[in-house]
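Residue numbers (the working numbering): 30 to 454. All remarks here apply to the structure that follows.
Set out below in structure tokens:
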């Protein structure tokens, strides 16, 4: 994998934190009719779910579920995505307060259908189900597929929508947002907002010549000439996408645009989240007000997730690492095994993350009860263990050899082989 660049780090982190910040900002006005309130000027929480400032809703929860699936499986696994959405719905996984307190009807219907049928493409194709629930969470697709071509990334976005939103406008909106963020992640120098949108949306029309007329109107940038009175932050996907893009064009900072989006009311948190994932990628993470980042629930975890999406080693790279190290353990003295360099050679050393994070939150100590920890460790946890081992060698000479001799590395290799087998590798 290519070495990740600083601008990519900033844009990727900005996309996910921007989404969450927009979500947390807009929840204060969720369900309130447009302009029926005093204009919002800061992240204050409250709203219909009485949240603390910085807490977020279903937009961010579903984004994290999608991101976790991509990281754990190493690619698109629609069943796994749906299982994670169901665990959020039923058990509050990836909710900042441990419960699913906000879920759209279209998503709820799709998840219930999946539980009955096992079909991961449970999103309704009905004309009346064109909600914004897949668009609001789509940013992880662009990050994970940032090193692939744009068409591949858009195809993945298409599939990610079909799980809960199969209507063509939902699918196409996800393709558009993914193309925009993907291009930002691969372009260090970006034109001004209007030129960037016009160029990229025109390119989208070449990819999707037969897109829905309402989506085509957005791709033709007809919203550029609209006034605020004609923009609506509702749950309808076309209106949501148009509103987010309109706010992006009609503001010159992340903060101003996010407030512009949230103050449209109605589905305010989602409009601001959709704006946030795009604007965060455009402006970079430093443009998100620090006062909002400090309030934001799970800020460090979301930042780490962005880096994992951008840098996750492929399943083949991990498989090759496991095979190579296993052969060396069988044939060589532990002191002669260059595990340190092999971890770097196979791109296991994900950067700009807190690789100690999995060891803070678990009741099981990975070093005093390694086998128990390993049995419940995720893919991300396991890679963090190896990163920690390799980095510890810098100031604790011999720790790698010690872990090879005591069998910990072999047990880790066996567990990684098991995890990869679950991915069909």
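Where a beta carbon is used, it is the ideal one built from N, C-alpha and C, also for glycine.
Check	Outcome
Out of 224, 320, 253 and 167, which one is the CA nearest neighbour of residue 283?	320
Can you tell me the Cβ-Cβ gap for residue 230 and residue 250, rounded? I've got them flagged as a contact below 8 Å.	6 Å
Can you tell me where the alpha helix (DSSP H) holding residue 81 begins and where it ends?	No alpha helix (DSSP H) holds residue 81; DSSP gives it neither H nor E.
Under the assumption that residue 163 contacts residue 189 (Cβ atoms under 8 Å), give the Cβ distance between them as a whole number of angstroms.	7 Å
Using the Cβ count rule (16 or more neighbours within 10 Å means buried), how would you classify residue 110?	buried
Whole alpha helix (DSSP H) runs in the segment 49-112 with 4 or more residues, listed along the chain?	87-102
Go to residue 327, then tell me how far its alpha helix (DSSP H) extends in each direction, as first and last residue.	Taken as a continuous stretch (DSSP letters only), residue 327 belongs to no alpha helix (DSSP H), as it is neither H nor E.
Should the segment 336-353 be regarded as contacting the segment 74-91, the criterion being three or more beta carbon pairs within less than 8 Å?	no
Pick helix, strand or coil for residue 160, following the three-state DSSP scheme.	strand
Let me make sure I understand the geometry here. Which of 129, 447, 271 and 298 has the alpha-carbon closest to that of residue 253?	271
Would you list the residues sitting across from residue 153 in a DSSP beta bridge?	194
In terms of alpha-carbon separation, which member of 100, 106, 135 and 144 lies closest to residue 116?	144
Taking only the alpha-carbon atoms, compute the straight-line gap between residue 293 and residue 438 and give it to the nearest angstrom.	54 Å
Could you name the residues of the same chain whose beta carbon sits closer than 7 Å to that of residue 445, not counting the 5 residues immediately before and after it, in chain order?	347, 351 and 411
Grab me the residues of residue 61's own chain with a C-beta within less than 8 Å of its C-beta, minus the 5 sequence neighbours each way, in chain order.	294, 295 and 297
Identify every run of the alpha helix (DSSP H) within the segment 333-385, keeping only runs that are complete inside it and at least 4 residues long; order them along the chain.	344-360 and 368-374
May I have the straight-line CA-CA distance separating residue 157 from residue 264, to the nearest angstrom?	12 Å
Just tell me which of 267, 257, 430 and 317 has its CA closest to the CA of residue 289.	257
Going by other Cβ atoms of all chains shown within 10 Å of its Cβ, with 16 needed for buried, is residue 425 buried or exposed?	exposed
Is it buried or exposed, residue 224, if we count other Cβ atoms within 10 angstroms and call 16 or more buried?	exposed
Would you mind giving the Cβ-Cβ distance between residue 340 and residue 33, rounded to the nearest angstrom? I have them listed as a contact below 8 Å.	6 Å
When you compare the CB positions of residue 430 and residue 378, do they come within less than 8 Å of one another, or not?	no
Name the DSSP beta bridge partners of residue 265, please?	160
Counting C-beta neighbours from all protein chains within 10 Å, is the total for residue 147 16 or more, i.e. buried, or is it exposed?	exposed
Hey, which unbroken runs of the alpha helix (DSSP H) at 4 residues or more fall wholly within the segment 225-293?	242-248, 266-278 and 283-291
The alpha helix (DSSP H) that contains residue 141, what's its start and end?	134-146
I think residue 76 touches residue 59, with their Cβ atoms under 8 Å apart; what is that distance to the nearest whole Å?	5 Å
Run the CB neighbour count on residue 161, radius 10 Å, all protein chains shown included, and call it buried at 16 or more, exposed below.	buried
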